[in-house]
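Enquirer: Residue numbers (my numbering): 60 to 498. For reference, the structure I am asking about is given below.
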Amino acid sequence: MLSVKFTWLEAAAAAVLVLAVAAAAALARRRSGSPRLAGVALFAREAGMLLGLFALWTYAGSKSEVSLGDAMRRAAWIWRAERDIGLPSERALQQVFLPHPVLVEALNWYYAVLHFPVLIGCLVWLFARYRGAYWRVRTLVVLFTAMSLLVQFIPVAPPRLLPLTRMTDTGLAYGQSVYGPHAGIDADQLSAMPSIHVGWALLVALVVVTTAGSRWRWLALAYPVLTTLAVVVTANHFWLDGIAAAALLALSIGAQRAAGPARRALAGRVRLTRAVRAGSVPVEVGRPGVPAVGGPGVPAAGMPSGGAVAGGPGVPVAGGLVVLAVGGPGVPPVSGPGVAAVGGPSGAVPSDGAAAGARPGGEPPAPGQGRDAVPPGAAHAGKNGYARAAGPGRLARRAAGGCAARAAVSAGQAQNRRDRGQAAARSECAGRSRERDGR
């Protein structure tokens with residue numbers, strides 16, 4: 060016989076323990092720089108957060124307001140509403156399975172054990188194989204569970220507690236009840252609406268079908284069907300409990316998609332703030348009058364007076380660091396008229412497109428100087444598209460990516476080609492003029 064009981068206090072203790080492991084691994088990683096410890100800290104943090112969510116769900120069910128009379132009236136209303144709209148009887152379905160004790164015991168075990176481990180297994184699979192999809196699904200799990208908890212604060216009795224249904228409490232009959240071996244009613248049993256079992260099963264099936272590439276992925280659709288069968292045959296939920304869970308899941312998905320643009324904008328703002336505080340800013344191809352961060356006329360935050368300028372006149376850069384245009388492989392780090400190669404100690408940029416390092420009096424720059432020179436402290440393209448910009452005594456590394464940066468790099472390259480073509484045409488005209496004068 061199986062008796063499963065996992066209290067909210069046990070779940071909370073497990074969550075605290077796992078989160079402590081995550082904190083210790085994160086601290087050790089900062090000291091050693093080990094990427095393996097970073098992975099351990101990330102995995103433990105996510106596991107602890109999910110265990111905490113499970114503890115909150117169990118606690119909310121056990122502490123909801125006990126109002127047996129109201130819970131029974133709501134359950135009776137659901138039972139009659141199902142008959143009015145033509146849904147099949149839960150009691151008729153249970154009568155099919157009651158003559159087969161092995162099947163009933165299997166469904167009792169299914170209801171008591173599988174829902175949370177299968178969800179955790181799905182998230183672990185995503186974390187290991189499809190890390191990009193994991194974060195979206197994790198957020199969806201939290202959102203759906205939180206919305207379900209709010210609804211469960213309204214007590215609704217399950218079918219097994221409603222005499223009107225005349226259904227058998229199979230868990231109690233076979234000694235497999237998750238609520239104890241004796242008959243009784245507590246707050247946790249009055250949280251039938253909606254069925255989180257069915258909601259989590261639907262979520263797992265949708266994730267597997269939309270993420271996995273195997274043709275066998277469609278078998279995952281059997282999981283919510285079996286879960287619905289288990290919760291109905293064991294008399295723990297009505298049909299409408301599962302339908303309400305599906306509706307809440309759809310609402311959660313819609314809310315997540317609607318909040319996507321705002322969330323991405325907020326994340327970009329947070330990354331920009333961190334970059335400024337670290338003393339560097341995202342690299343942008345310099346064009347006259349286009350600031351390196353934000354948009355037209357938006358200076359980099361936290362810039363002290365006399366800061367360096369890059370990307371054209373009037374473009375401030377935080378902390379006095381020199382930020383240069385960075386292209387793809389084989390593209391010079393500085394290009395286009397009016398783009399400074401490096402700022403001087405005072406942060407000034409030569410005006411009128413003059414090359415940094417030009418000698419007074421219009422003399423040509425010495426070797427190693429001029430617009431193609433990259434003196435110490437200047438930025439250069441690093442591995443994997445990262446830009447490095449070193450100021451006095453420090454080295455900053457920020458990602459130089461994104462559609463805007465690539466488009467700006469292409470524009471700079473095109474401008475370079477036009478400039479070279481014009482210079483060649485002027486040189487050719489000057490040569491012809493000298494030839495005619497010689498004749």
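Beta carbons are placed, not taken as given, at the ideal position from N, Cα and C, and that holds for glycine.
Between the beta-carbon of Ala303 and the beta-carbon of Leu280, is there less than 8 Å?
Expert: Against the sequence shown, residue 303 aligns to sequence position 244. Against the sequence shown, residue 280 aligns to sequence position 221. Not closer than 8 Å, so no.
Enquirer: Quick one: any contact between the segment 282 to 290 and the segment 169 to 176, if contact means 3 or more CB pairs under 8 Å?
Expert: Judged by Cβ distances under 8 Å, the segment 282 to 290 makes contact with the segment 169 to 176, as three or more pairs qualify.
Enquirer: Is the number of C-beta pairs between the segment 267 to 280 and the segment 205 to 221 that are closer than 8 Å three or more?
Expert: no
Enquirer: When the Cα atoms are used, what is the spatial distance from Ala162 to Ala326?
Expert: The residue you call residue 162 lines up with position 103 of the sequence shown. The residue you call residue 326 lines up with position 267 of the sequence shown. Position check: residue 162 holds Leu in this sequence, whereas Ala was assumed. Looking at the two C-alpha atoms, the distance is approximately 50 Å.
Enquirer: For Ser486, list the residues DSSP reports as bridge partners.
Expert: As a position in the sequence shown, residue 486 is number 427, starting the count at 1. For Ser486, which the question treats as bridged, DSSP gives no partner whatsoever.
Enquirer: Which residue comes first and which comes last in the alpha helix (DSSP H) that contains His174?
Expert: As a working note, residue 174 is residue 115 in the sequence shown. Looking at the DSSP string, the run of the alpha helix (DSSP H) that includes His174 is 174 to 188.
Enquirer: Taking the C-alpha atoms as reference points, what is the distance between Gly92 and Asn295?
Expert: Position 33 of the sequence shown, counted from the start, is the residue given in the question as residue 92. Position 236 of the sequence shown, counted from the start, is the residue given in the question as residue 295. About 50 Å.
Enquirer: Give the DSSP-derived three-state secondary structure of Ser126 in the structure shown.
Expert: Translated into the one-based positions of the sequence shown, residue 126 becomes position 67. Looking at Ser126 - three-state DSSP - the assignment turns out to be coil, as it is neither helix nor strand.
Enquirer: Give the C-beta separation of Ala134 and Val257 to the nearest angstrom, bearing in mind that I take them to be a contact with Cβ-Cβ under 8 Å.
Expert: Counting from 1 along the sequence shown, the entry for residue 134 is found at position 75. Counting from 1 along the sequence shown, the entry for residue 257 is found at position 198. Ala134 to Val257, Cβ: 17 Å. No contact.
Enquirer: Give the secondary structure of Ser207 by DSSP, where H, G and I count as helix, E and B as strand, and everything else as coil.
Expert: Indexing the sequence shown from 1 puts residue 207 at position 148. Looking at Ser207 - three-state DSSP - the assignment turns out to be helix.
Enquirer: Quick check on this structure: which residue in Arg104, Val99, Tyr118 has the alpha carbon closest to the alpha carbon of Thr66?
Expert: Numbered from its first residue, the sequence shown carries residue 66 at position 7. It is Tyr118.
Enquirer: Evaluate contact between the segment 306 to 316 and the segment 194 to 202, counting only Cβ atoms and requiring at least three cross-stretch pairs below 8 Å.
Expert: Enough Cβ pairs lie closer than 8 Å, so yes.
Enquirer: For Leu209, which residues in the same chain have their Cβ closer than 8 Å to its Cβ, ignoring the five residues on either side in sequence?
Expert: One-based indexing of the sequence shown puts residue 209 at position 150. Hits under 8 Å: none found.
Enquirer: In the DSSP output, which residue or residues are listed as bridge partners for Val38?
Expert: Outside the shown range of the chain, which is 60 to 498, sits residue 38, and nothing can be said about it.
Enquirer: Report yes if the C-beta distance between Leu262 and Glu141 is below 8 Å; otherwise report no.
Expert: Within the sequence shown, residue 262 is the residue found at index 203, counting from 1. Within the sequence shown, residue 141 is the residue found at index 82, counting from 1. Going by C-beta atoms, Leu262 is not nearer than 8 Å to Glu141.
Enquirer: Decide yes or no for the touch test of the segment 136 to 153 against the segment 100 to 111: beta carbon pairs closer than 8 Å, at least 3 of them.
Expert: no
Enquirer: Give me, in chain order, the residues of the same chain whose beta-carbon lies closer than 6 Å to that of Trp194; leave out the 5 immediate sequence neighbours on both sides.
Expert: Residue 194 sits at position 135 when you count from the first residue of the sequence shown. Correct list: empty, nothing qualifies.
Enquirer: Considering Phe21, what are the terminal residues of the alpha helix (DSSP H) in which it resides?
Expert: What is shown of the chain runs 60 to 498, which leaves residue 21 out entirely.
Enquirer: When burial is assigned at 16 or more other CB atoms within 10 Å of the CB, is Gln481 buried or exposed?
Expert: Here residue 481 corresponds to residue number 422 of the sequence shown, with the count starting at 1. With fewer than 16 other Cβ atoms within 10 Å, it is exposed.
Enquirer: Are Arg150 and Met252 touching if we call contact CB-CB under 8 Å?
Expert: The count along the sequence shown starts at 1 and reaches residue 150 at position 91. The count along the sequence shown starts at 1 and reaches residue 252 at position 193. Their beta carbons are not under 8 Å apart, which means Arg150 does not touch Met252 by this criterion.
Enquirer: Cα separation between Ala114 and Ala473?
Expert: Taking the sequence shown and counting its residues from 1, the one referred to as residue 114 is at position 55. Taking the sequence shown and counting its residues from 1, the one referred to as residue 473 is at position 414. Looking at the backbone, the Cα of Ala114 and that of Ala473 are separated by about 59 Å.
Enquirer: Are Trp259 and Leu178 closer than 8 Å when you measure CB to CB?
Expert: The sequence position of residue 259 within the sequence shown is 200, counting from 1. The sequence position of residue 178 within the sequence shown is 119, counting from 1. Yes, the pair counts as a contact, with Cβ atoms nearer than the cut-off.
Enquirer: In this structure, how does DSSP classify Val163 when only helix, strand and coil are distinguished?
Expert: As a first step, residue 163 is located in the sequence shown; it is residue number 104 there, counting from the start. In the structure shown, Val163 sits in a helix (DSSP, three-state: H, G or I).
Enquirer: Let me know if Thr224 comes out buried or exposed under the rule of 16 or more other beta-carbons within 10 Å of its beta-carbon.
Expert: For the purposes of this step, residue 224 is taken as residue 165 along the sequence shown, with counting starting at 1. It counts as buried.
Enquirer: Comparing alpha-carbon positions, which option in Arg485, Leu285, Leu96 lies nearest Ala81?
Expert: In the sequence shown, residue 81 corresponds to position 22, counting from 1. Checked all of Arg485, Leu285, Leu96; the closest Cα to Ala81 is Leu96.
Enquirer: Is it the case that the Cβ atoms of Leu166 and Thr293 are separated by a distance below 8 Å?
Expert: The sequence position of residue 166 within the sequence shown is 107, counting from 1. The sequence position of residue 293 within the sequence shown is 234, counting from 1. Against a cut-off of 8 Å, the Cβ pair of Thr293 and Leu166 comes out as a contact.
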